[in-house]
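Some notes on the structure that comes next.
Residue numbers (this note's numbering): 432 to 629.
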């Protein structure tokens, strides 16, 4: 229909569909309320867990810098940590930072109440004392464990391979950054930037 006013009148009179009849004033009020809610949602920015924290350690600073980009999918960070757990056992593993941010509150890590350590539910976990090795794919990465190149992670959005071997390049659109930290025996951050259009 060319005449928008006539179309609105027909809808108001109930000539279309089985939905409820809405007066023009009610329609305009609902439309305005929906638009206000949409704008509020768009402008409301999720507060970052690291925001406002006085972070002293390089590792926590590096995570804070990457928090927002991992939340919104611009960057996908894999964290390697090697350290002692609460039982004094040496553990190491690879953590999908974006995935852990979604399922876990990082307030305890950024505030210094707890240390971030690999878990058996992360992409990879190894207990050097008990020799328990576990690997799991995440919503972002597929773990490729049984191959000659060692442990590889395939980023699911662009299917690029992240190679964590320190002797070779980490792969396309990926960087490997060793972090000097007092919190862990060893910490390395791998950043992957997806080139796939979303």
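Quick reminder that beta carbons are idealized off the backbone N, C-alpha and C, glycines included.
Computed from a predicted model, the values in this text were never measured in an experiment.
Neighbour flag for residue i against chain B, beta carbons, 8 Å
{"i": "residue 436", "result": "Structure shown: chain B not included; a single protein chain is present."}
Residue i, buried or exposed, once every other Cβ within 10 Å from all chains shown has been counted against 16
{"i": "residue 517", "result": "exposed"}
{"i": "residue 662", "result": "Because the chain spans 432 through 629 in this model, residue 662 falls outside it and cannot be assessed."}
{"i": "residue 462", "result": "exposed"}
{"i": "residue 623", "result": "buried"}
{"i": "residue 494", "result": "buried"}
{"i": "residue 455", "result": "exposed"}
{"i": "residue 582", "result": "buried"}
Counterpart residues of residue i in DSSP-defined beta bridges
{"i": "residue 597", "result": "Its beta-bridge partners do not exist; DSSP assigns none."}
{"i": "residue 606", "result": "622"}
{"i": "residue 564", "result": "557"}
{"i": "residue 573", "result": "585"}
{"i": "residue 465", "result": "In DSSP, residue 465 forms no bridge with anything."}
Residue range of the unbroken beta strand (DSSP E) whose run includes residue i
{"i": "residue 521", "result": "521-527"}
{"i": "residue 514", "result": "506-515"}
Three-state secondary structure assigned by DSSP to residue i
{"i": "residue 545", "result": "coil"}
{"i": "residue 537", "result": "coil"}
{"i": "residue 579", "result": "coil"}
{"i": "residue 616", "result": "coil"}
{"i": "residue 585", "result": "strand"}
{"i": "residue 480", "result": "coil"}
{"i": "residue 629", "result": "Legend: pLDDT at residue 629 = 48, less than 50; position of this residue unreliable, no value from coordinates given."}
{"i": "residue 436", "result": "helix"}
Heavy atom of the ligand COA within 7 Å of residue i beta-carbon
{"i": "residue 435", "result": "Within the structure as shown, the ligand COA is missing, as the structure has no ligands at all."}
Residue i: first and last residue of the uninterrupted alpha helix (DSSP H) it sits in
{"i": "residue 502", "result": "489-502"}
Rounded Cβ spacing between residue i and residue j (contact assumed at less than 8 Å)
{"i": "residue 507", "j": "residue 625", "result": "7 Å"}
{"i": "residue 560", "j": "residue 520", "result": "4 Å"}
{"i": "residue 512", "j": "residue 486", "result": "About 17 Å; that fails the 8 Å criterion."}
{"i": "residue 501", "j": "residue 532", "result": "6 Å"}
{"i": "residue 586", "j": "residue 571", "result": "7 Å"}
{"i": "residue 584", "j": "residue 574", "result": "6 Å"}
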